[in-house]
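Read through the structure below, which is laid out as structure tokens, and then see the notes.
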Amino acid sequence: MKHIKTIQTRNLCESAKNGGCGECQTSCQSACKTSCGIANQKCENKKESK
Amino acid sequence: MIHRYKCCGYNIVMDVCSGSVHAVDDIAYDIIGLFEDLDKDGVIKEISLKYPGVPVEEIEECYEQTVSLKEAGKLFTEDTFEPIADALKQKTSGVIKALCLHVAHTCNLNCSYCFASQGKYHGERAVMPFEVGKRALDFLVENSGSRRNLEVDFFGGEPLMNFDVVKKLVAYARSIEKEKGKNFRFTLTTNGMQIDDDVIDFANRECHNVVLSLDGRKEIHDRFRVDYAGNGSWERIVPKFKKLVDARGGKGYYMRGTFTHANPDFLNDIKTMLDLGFTELSMEPVVCAPDDPSALTEEDKPAIYEQYEKLAELMIKRDKEGRPFTFYHYMIDLTGGPCIYKRISGCGSGTEYMAVTPWGDLYPCHQFVGDEKFKLGDIYTGVTNTEIQSEFASCNLYAREECRGCFARLYCSGGCAANAYHATGSVKGVYKYGCDLFRKRIECAIAVAVDRALREDDENSDL
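If you read the protein sequences in the order shown, they are chains B and E. Under our numbering, think of the first position of the first sequence as 1, with each following residue one higher. Under our numbering, think of the first position of the second sequence as 1001, with each following residue one higher.
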């Protein structure tokens, strides 16, 4: 019986090896800028293996 | 570090540092909760007592699943990222990617909760001349290094009060972007009062994103969002917003509201937006001085938490009905979100993102405009106040002690520097009230993402 279902996610530890290109949207956590929070950004590094 | 919680009928376990998310049954939920405090025999004993009808073999099997996930780096992962906290900002040091252009320090509404003191930012009314804006765009191009996508927000006050300059600036940017190897992405944030066919045509042709200010229910919106004669603006702007969104053809927009002490039941405002036909929504908690009558209180918190949970349930329900909608704070891409460098480097204010006043001064972000000690320099000579800029550059996740034990830290990157400053006097402080609401939102966002992922799995297994 399966007690744990693991949801597919990006492995953040792996991303330490191949991330950090800086191409993503700039981020701002301010409430009045509903356009660029960290949590809902997408990675823009097309070459990187996720 | 793990975080366990229950939401929308799911038991969820987040492995904070690996980014892993697990949906678990009650037995696994309890085993994972005891795992770090007891040895195997101790865990099995405790769980057997709590679930007397469950065979020991099954409990052991679940325990072994937990062990396997730990060994696979998907549970109890340690935070080893601090040494690379500066890496991204160092790598992109001196590169500016985004500017917030304050094209109008004036407004045609007089909202008492406005962080920018009715658009004037505690100063005189002003509009940005074309030449200042043009120089700001050149400044951005000159300082953007090899970065191709450049973001420019037309902000205010109310930017449409200087619409002719906005149009000319976009035309100028388009005239240089090919030759400079850049791609401008424009965002317009507007209260809607001056939207007409010309604005709609412009926004839908040129703006990557449009942020439209609507607080939801008419009586809630009109409580604060009034003109200088004190008349509410809801009746005037809603038809304009509808026309703009209908003509947008699927391009990005947000219907963005603010909730205050007057409407902690903000889900009703979101429902109003849905009833009006809008589907890309945001409601933000007001940020203001604690003695302001619109300020959210400790007593409001339980009601707000409940609203966030009900909102997540509504999203799941409408997903199932084939009528999905987007809530900005619940947009979370578990497979394609930012890398760890981005998540720990802090917000981009003062380094890769700056605000430009109507006369060309540079500030770390729009929220610091008007506070002279944060002035970084200007668009003619660049950043001269390197001391302030260094403070923002060093403002990463690990600069804030309070963040170290927080399960949501890799989803907020340490939060908003301006909120922190206004709450504590330091950009490296934390705005605790905002953190509490943020944590609740992330729990709900992940619950919605879990529901979507599991339903997708079920649909695939049915094929």
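All C-beta atoms, glycine included, are put in the ideal place defined by N, C-alpha and C. Treat the numbers as computed from the prediction; the structure is a model and nothing was measured.
| Item | Value |
| --- | --- |
| Alpha carbon to alpha carbon, what distance is there between F1184 of chain E and R1174 of chain E? | 8 Å |
| Measure the C-alpha to C-alpha separation of C1017 of chain E and G1434 of chain E and round it to an integer number of angstroms. | 22 Å |
| With 8 Å as the threshold, decide whether the Cβ of D1086 of chain E is near any Cβ in chain B. | no |
| Taking C-beta pairs closer than 8 Å, name the residues in chain B that I1442 of chain E reaches, listed in chain order. | A39 |
| Between E1284 of chain E and T1258 of chain E, how many whole angstroms is the CB-CB distance? I'm expecting something under 8 Å. | 5 Å |
| I'd like to know whether the C-beta of V1024 of chain E is nearer than 8 Å to at least one C-beta of chain B. | yes |
| Tell me which same chain residues have a C-beta within less than 7 Å of the C-beta of C1412 of chain E, skipping the five on either side of it? | F1438 |
| Using CA coordinates, which residue listed in E:D1026, E:E1459 and E:P1159 is at the minimum distance from V1054 of chain E? | E:D1026 |
| With DSSP collapsed to three states, give me the class of R1256 of chain E. | strand |
| With a cut-off of 8 Å, does the C-beta of C1347 of chain E fall near any C-beta of chain B? | yes |
| Using C-beta distances below 8 Å, list every residue in its chain close to F1155 of chain E, excluding the 5 sequence neighbours before and after it, in chain order. | C1100, L1101, H1102, V1103, T1189, A1355 and H1366 |
| Run through DSSP, which three-state label would K50 of chain B get? | Because the pLDDT at K50 of chain B is just 42, under 50, the model does not fix this residue reliably, and the value given afterwards should be weighed accordingly. K50 of chain B falls in the coil class under three-state DSSP. |
| Whose CA, out of E:V1287, E:G1216, E:D1201 and E:A1289, lies closest to the CA of D1246 of chain E? | E:D1201 |
| Say whether chain B places a C-beta atom closer than 8 Å to the C-beta of Y1328 of chain E. | yes |
| 8 Å is my cut-off, CB to CB: does M1331 of chain E come that close to chain B? | yes |
| Name the residue from E:C1107, E:G1145 and E:R1135 whose alpha carbon lies nearest to the alpha carbon of V1127 of chain E. | E:C1107 |
| Find the residues of chain B that neighbour G1042 of chain E, judging by a C-beta separation of less than 9 Å, and give them in chain order. | What G1042 of chain E touches in chain B: nothing, since even the nearest Cβ is about 19 Å away. |
| Check the DSSP bridge columns for E1280 of chain E and list the partner residues they point to. | E:T1326 |
| How close, in whole Å, do the beta carbons of E1387 of chain E and V1095 of chain E come, if the pair is a contact with beta carbons under 8 Å? | Wrong, their Cβ atoms sit about 20 Å apart, outside the cutoff. |
| Could you tell me whether any Cβ in chain B is nearer than 8 Å to the Cβ of I1027 of chain E? | yes |
| Where does the unbroken beta strand (DSSP E) through K5 of chain B begin, and where does it stop? | I4 to I7 |
| What does the Cβ neighbour count give for N18 of chain B, buried or exposed, with the cut at 16 atoms within 10 Å? | exposed |
| Looking only at C-alpha atoms, which of E:N1149, E:H1122 and E:C1008 sits nearest to Q25 of chain B? | E:N1149 |
| Please state whether the Cβ-Cβ distance between E1158 of chain E and G1216 of chain E is less than 8 Å. | no |
| Is the stretch 1396-1404 of chain E touching the stretch 1081-1092 of chain E in the sense that three or more CB pairs, one from each, lie closer than 8 Å? | yes |
| Just to confirm my understanding: we take S1117 of chain E, look at its own chain, exclude 5 residues before and 5 after, and list those with CB closer than 8 Å. What are they? | G1370 |
| Just to check my reading of the structure: K42 of chain B and D1333 of chain E have Cβ atoms closer than 8 Å, yes? What is that Cβ distance to the nearest angstrom? | 6 Å |
| I'd like to know if the stretch 1268-1287 of chain E and the stretch 1239-1256 of chain E are in contact, where contact means that at least 3 CB-CB pairs between them fall below 8 Å. | yes |
| Less than 8 Å between CB atoms is the rule here; does Q1090 of chain E satisfy it with respect to chain B? | no |
| Could you tell me whether the Cβ of R1409 of chain E comes closer than 8 Å to any Cβ of chain B? | no |
| Out of curiosity, what's the CA-to-CA distance linking E1313 of chain E and V1448 of chain E? | 8 Å |
| Quick one: is D1086 of chain E buried, meaning 16 or more other Cβ sit within 10 Å of its Cβ, or exposed? | buried |
| Please classify G1249 of chain E: is it buried, with 16 or more other beta-carbons within 10 angstroms of its beta-carbon, or exposed? | exposed |
| Below 6 Å CB to CB, which residues in the same chain sit around G1145 of chain E once its five sequence neighbours on both sides are set aside? | V1095 |
| Rounded to a whole number of angstroms, what is the C-alpha to C-alpha distance between K1091 of chain E and N1191 of chain E? | 38 Å |
| Could you check if T1381 of chain E is buried or exposed, using at least 16 other CB atoms within 10 Å of its CB as the buried criterion? | exposed |
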